[in-house]
Structures are given as C-alpha cells and as structure tokens.
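Chains as they are written, first to last, in the numbering used here: chain A, 1 to 174; chain B, 1001 to 1132.
The following block contains the structure:
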C-alpha cells in the first residue's frame, strides 16, 4: 500500500462554538486548510510522517486563531507557557516540552529534544535553554499574545475573583 | 490545542500536538499534550494519536495508550477503541477529542464536545475540513 493519510485538529479554536461568527469560522477553516496543504506537500512527495505532522502543527502554531504558539492562552500571571510533543511510530522515539516561553514553534523544540538529546521531556527554563542551544527561532513571550486571549483572561479573572477559588478555571478557555 | 497524525508512503506513522494549556493556569500546570501516552502517542504496532480537551482526564486515563492497548490486546479497530476511550472520559466528566491514524492509513476521530475543528487529507484526493 503506497498511499498516505493526514489528520489534523485545531481544538476548539480561539472561540467557543456559540461565540464564533461565520467570518471567524471561515478564517479558522482557511488556517486548517493551510495546515493540511503543508502536511500534504510533505507526504505527497514521499516525505516522512514525522516531517508532515511537524509541518502541519507549525502552521497552526503560527496562526493566531488557535490555542498554540501565536494565539495561545494566558496563564494566571499574564504570560504564556507552551507545551508540545512529537513521536515517531516506527522507532518509538519521542520528544516533549512543557512550560516553554521563548520558542516560536514549540513543536520544533519537541522534535529537537527527540533527535538531539537522550531525553524525552524537558520543561521550563531548561527547555528554553536547550532551544537556544539548538539554534531554534527565538521570540519574546509577547509574540504569542492576542487581544482575544487577553480578554478571555480578564473575564476569567473577574469570575475567579468572584468565586475566590484559585482553581476556578473554565475548561472552555483551554 | 492543535495536533496532527500522519501515515507516510513508507508505512510509518507519527503524531504531534501543541498547546498553550488552560487560560489562567497556575503553579506551572501541565496538561496531557506533553505527556507521551496521554495526549500524544505514535506506535507502529497500533496507531498514532493526538488529543485535545480537559487534559487532566486524558492524563488520568492515559487516553492515547488506552486506545493503542485496546487495539493491541483487545483486537478492536481504531475507531471502536477511540470511541470507547472517549466515552469513558465523558462518563468521568471530561470533555475533548482525539484524532488518530492506523498503520494501514485508516483515519479516525472521536469527539465528545462540540466546536472541535478537524481536517483530513488522503492520497486518494480526500480533503475535508469540519467542525464537530
């Protein structure tokens, strides 16, 4: 069998279903189409599945409409911490990072962990240091910010202030 | 959260997931995305999976590994296994979904929460984008 398959998801996007306009829905679908095209270009030219999933995810990390990379949600402190993982089915090699703050495409950092370190999971400032040492594209944490996500944080803070529960986190904004 | 799974022309499979986590997260909270076997897994013996949703449920059920184990030891198909694990997570009060692909190229997705964006492409020209 010589064919290839690519499946992607965008989570619930930047908005919840009942708040998204037709225009915003169209923009999100265009981003998903670009991600599919990026992965398809790799697979259709007999490229690897690992290259294809990295390419597709990186497109969605660069798009402000999804909760990853540029357009990710804020943490309680008002900054952005990013998690990512990648895995090769044949070798069972895997790379994952969590709490990274400066790598433009966290999926590429996860891949660097998989291919350039003996580890599987790196976190926080250590992952950021490994990213710099690996020569990956670095950005300020503010690069990831969008107005939409900042408004969601403010709304969540108001509700959490009312309830007094520090864990009053609404999954809908995940 | 965003994710992709793929099967290439050599027959290998891979998975990748990326996320900002939860709005307002505290104390360095980490969800399922970076936990191999929970939110992200690829194993040529069974499937490649990428998950999105309430990460704590996906970690506690080791969701991606559970789908692979149901296939490997229970002989279930990818879709049946994915639906079963998703149903379990729903029963526990968790929301979200998974996308997956088997080594033979069969794609699958299973969601228990509306509003999930997904898409797929295949060598036969299939190109589909939708919202669950």
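C-beta atoms are modelled at their ideal positions from N, C-alpha and C, and glycine is treated no differently.
With DSSP as the reference, label residue i as helix, strand or coil.
{"i": "residue 72(A)", "result": "coil"}
{"i": "residue 1059(B)", "result": "helix"}
{"i": "residue 1073(B)", "result": "helix"}
{"i": "residue 1022(B)", "result": "coil"}
{"i": "residue 143(A)", "result": "helix"}
{"i": "residue 1028(B)", "result": "coil"}
{"i": "residue 1108(B)", "result": "strand"}
{"i": "residue 1049(B)", "result": "strand"}
{"i": "residue 151(A)", "result": "helix"}
{"i": "residue 83(A)", "result": "strand"}
{"i": "residue 1034(B)", "result": "coil"}
{"i": "residue 173(A)", "result": "The pLDDT assigned to residue 173(A) is 45, lower than 50, so where the model puts this residue is not dependable, and the model offers no usable value."}
Which residues in chain A sit within 7 Å of residue i, going by Cβ to Cβ distance?
{"i": "residue 1061(B)", "result": "Those do not exist, as residue 1061(B) stays about 16 Å from chain A at its closest Cβ, beyond 7 Å."}
{"i": "residue 1124(B)", "result": "3"}
Going by alpha carbons, who is nearest to residue i out of the options?
{"i": "residue 1086(B)", "options": "1113(B), 1019(B) and 1033(B)", "result": "1113(B)"}
{"i": "residue 124(A)", "options": "1011(B), 1029(B) and 1017(B)", "result": "1029(B)"}
{"i": "residue 1068(B)", "options": "1048(B), 1092(B) and 1012(B)", "result": "1048(B)"}
{"i": "residue 29(A)", "options": "49(A), 149(A), 42(A) and 8(A)", "result": "8(A)"}
{"i": "residue 56(A)", "options": "48(A), 35(A) and 75(A)", "result": "35(A)"}
{"i": "residue 144(A)", "options": "60(A), 62(A), 114(A) and 70(A)", "result": "70(A)"}
{"i": "residue 51(A)", "options": "40(A), 79(A) and 60(A)", "result": "40(A)"}
What span of residues does the alpha helix (DSSP H) with residue i cover, start to end?
{"i": "residue 24(A)", "result": "22 to 44"}
{"i": "residue 137(A)", "result": "Where residue 137(A) is concerned, there is no enclosing alpha helix (DSSP H), given that its DSSP letter is neither H nor E."}
{"i": "residue 54(A)", "result": "49 to 62"}
{"i": "residue 1085(B)", "result": "1078 to 1091"}
{"i": "residue 1120(B)", "result": "It is not in any alpha helix (DSSP H) - residue 1120(B) instead sits in the beta strand (DSSP E) that spans 1117 to 1122."}
State yes or no: is the beta carbon of residue i nearer than 8 Å to at least one beta carbon in chain B?
{"i": "residue 43(A)", "result": "yes"}
{"i": "residue 138(A)", "result": "no"}
{"i": "residue 162(A)", "result": "no"}
{"i": "residue 116(A)", "result": "no"}
{"i": "residue 90(A)", "result": "yes"}
{"i": "residue 125(A)", "result": "no"}
{"i": "residue 24(A)", "result": "no"}
Quick one: list the residues of chain B neighbouring residue i, beta-carbon separation under 9 Å, in chain order.
{"i": "residue 33(A)", "result": "1119, 1127 and 1129"}
{"i": "residue 157(A)", "result": "1024"}
In terms of residues, what are the limits of the beta strand (DSSP E) holding residue i?
{"i": "residue 92(A)", "result": "Looking at the DSSP string, residue 92(A) is not in any beta strand (DSSP E), and its letter there is neither H nor E."}
{"i": "residue 1043(B)", "result": "1040 to 1043"}
{"i": "residue 1099(B)", "result": "1096 to 1101"}
{"i": "residue 7(A)", "result": "5 to 11"}
For chain A, is any of its Cβ atoms less than 8 Å away from the one on residue i?
{"i": "residue 1097(B)", "result": "yes"}
{"i": "residue 1116(B)", "result": "yes"}
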